[in-house]
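The opening position of the sequence shown corresponds to residue 1033 in my numbering, with each subsequent residue numbered one higher. The beta carbon of each residue, even a glycine, is placed where N, CA and C say it ideally should be. Written below as structure tokens is the structure these notes are about.
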Amino acid sequence: MKPVRTVIFAKAPLPGLAKTRLIPALGAQGAADLARRMLLRAVQEAYSANLGPIELCVTPAPTEPVWRTLPLPAALQWTEQGQGDLGERMARAAQRVLDCGEAVLLTGTDCPGLKAAQLQQAAGALRCCDATLVPAFDGGYVLLGLKRFHRSLFEGIAWSTDSVAKETVQRLKQLEWSVQHLPMLHDIDQPEDLKWL
């Protein structure tokens, strides 16, 4: 079994940068405060899962002062998301991790329901499958686990739409990869999602 690296994608929890679609309901500062809490929770759950290295893949760069204001574990590894759409950024991270001989769990900070148990289940699925997916009720996904890389999983997808998970599953089928689907969870993206907190 390959070691499993959890890569958490995160925006700095700054007003006007993070969770902007929640600003109408929470205001810019309220949305940033929620983003901060969800980021800290995502990191905490990843550590509780105890799967292997945990990497925070961030924008802006890890050298920005805002990151030093967060009470994050010293052992956390940091990388920069870099340029491009979400697919390009995730593809770079996934390929880098997989090229180093690790399996990867790609996730974000938008799903408070993604707990240590689900992370462990996703990592366990990679013992027998090429990929695992935790779909979101909004049509996206909250986690993609891979032990192989193929660029088609990240290119030409209409990110932040209700077709992301369906399109990803279709591409996994085209690759003839084995996939384990895990139970669907709620993302917190829009004001109507706040009831799932």
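Closest in C-alpha terms to residue 1186, from the list 1225, 1116, 1046, comes 1116. By the Cβ test, the region 1102-1112 is not in contact with the region 1129-1147, since fewer than three Cβ pairs between them sit closer than 8 angstroms. Annotation: residue 1226 to residue 1137 spans about 25 angstroms, alpha carbon to alpha carbon. Uninterrupted beta strand (DSSP E) stretches at least 3 residues long and entirely within the region 1033-1110 occur at 1036-1043, 1086-1091, given in chain order. Secondary structure remark: continuous alpha helix (DSSP H) runs of at least 4 residues inside the region 1196-1228, in chain order: 1196-1207.
Closest option to residue 1177, judged by alpha-carbon separation, among 1162, 1191, 1184, 1183: 1162. Uninterrupted alpha helix (DSSP H) stretches at least 4 residues long and entirely within the region 1125-1182 occur at 1148-1157, given in chain order.
Secondary-structure assignment with DSSP links residue 1112 through a beta bridge to 1090.
The alpha-carbon separation between residue 1112 and residue 1074 amounts to approximately 17 angstroms. DSSP, read as helix, strand or coil, puts residue 1120 in helix.
Selection 1172, 1058, 1212, 1224 evaluated against residue 1179 yields 1212 as nearest (Cα-Cα). When secondary structure is reduced to three states using DSSP, residue 1184 falls in the helix class. Residues of the same chain with a CB within less than 8 angstroms of the CB of residue 1169, apart from the 5 flanking positions on each side, are 1216, 1217, 1218, 1219 in chain order. For residue 1110, the CB contacts under 6 angstroms within the same chain, skipping 5 residues up- and downstream, are 1088, 1094 in chain order. For residue 1045, the number of other beta carbons within 10 angstroms of its own is at least 16, and it is reported as buried. Between residue 1197 and residue 1171, the C-beta spacing is below 9 angstroms. Take the alpha-carbon of residue 1052 and the one of residue 1060: they are about 7 angstroms apart.
For residue 1173, the closest C-alpha among the options 1181, 1159, 1154 is that of 1154. Taking residue 1090 as the centre and dropping the five residues before and after it, the same chain places the C-beta of 1042 closer than 6 angstroms to its C-beta, in chain order. Annotated as distal: residue 1124 and residue 1133, with beta-carbon spacing of 9 angstroms or more.
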